[in-house]
Amino acid sequence: NKENHHQALKRCSEGIGTIVTQEGISTRNHNKEQIHVIDTNLTECEKRVCQTVSQSQGLVEDKIREEANETRKHSEGLHSDLIEENRRLTEKVMKMETDINEVKTILIGMTGNQKIQLEMNCEQMEKLVTTRGEM
3 NKENHHQALK RCSEGIGTIV TQEGISTRNH NKEQIHVIDT NLTECEKRVC
53 QTVSQSQGLV EDKIREEANE TRKHSEGLHS DLIEENRRLT EKVMKMETDI
103 NEVKTILIGM TGNQKIQLEM NCEQMEKLVT TRGEM
């Protein structure tokens with residue numbers, strides 16, 4: 003009886019060992035499968051992320067080019083406006099210089115007339131003084 007009991011325990015122990023070993027193998031295989039699935043999912047996610055980043059980068063580059071073109075066009079417009087304003091102001095300054103030269107000419111002419119009139123007055127005064135003195 004004791005012997006039978008010992009044999010039953012031994013078979014039970016071996017059965018448990020076999021079950022544990024099989025379960026361990028099954029668990030390892032399951033873990034390997036899960037790791038493979040996780041790796042596959044990660045790889046797919048990485049690919050999608052890379053595609054999204056590439057597409058986004060293209061969109062950002064396009065937007066930057068667009069903004070650069072708009073800025074260049076605006077700068078060219080401002081440059082044209084500045085050239086026109088500079089031309090207009092140069093024209094005004096030239097007109098003012100012409101006007102100033104005309105005024106200078108007029109003033110010089112007037113000053114010359116005043117000198118002549120002053121000299122004539124001096125001569126007339128001398129004549130008056132001498133004619134009165136003779137009286």
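Here the sequence shown stands for residues 3 to 137, where the numbers follow our numbering. C-beta: ideal position from N, C-alpha, C; glycine also. Please read all numbers here as calculations on a predicted model, not as lab measurements.
Item                                                                                            : Value
Distance, Asp101 Cα to Glu78 Cα                                                                 : 35 angstroms
Same chain only: Cβ atoms within 6 angstroms of Arg152, ignoring 5 sequence neighbours per side : Because the chain here runs from 3 to 137, residue 152 falls outside it and cannot be looked at.
Helix, strand or coil at Asn3 according to DSSP, with G and I counted as helix                  : coil
Euclidean distance between Cα positions of Leu11 and Lys4                                       : 10 angstroms
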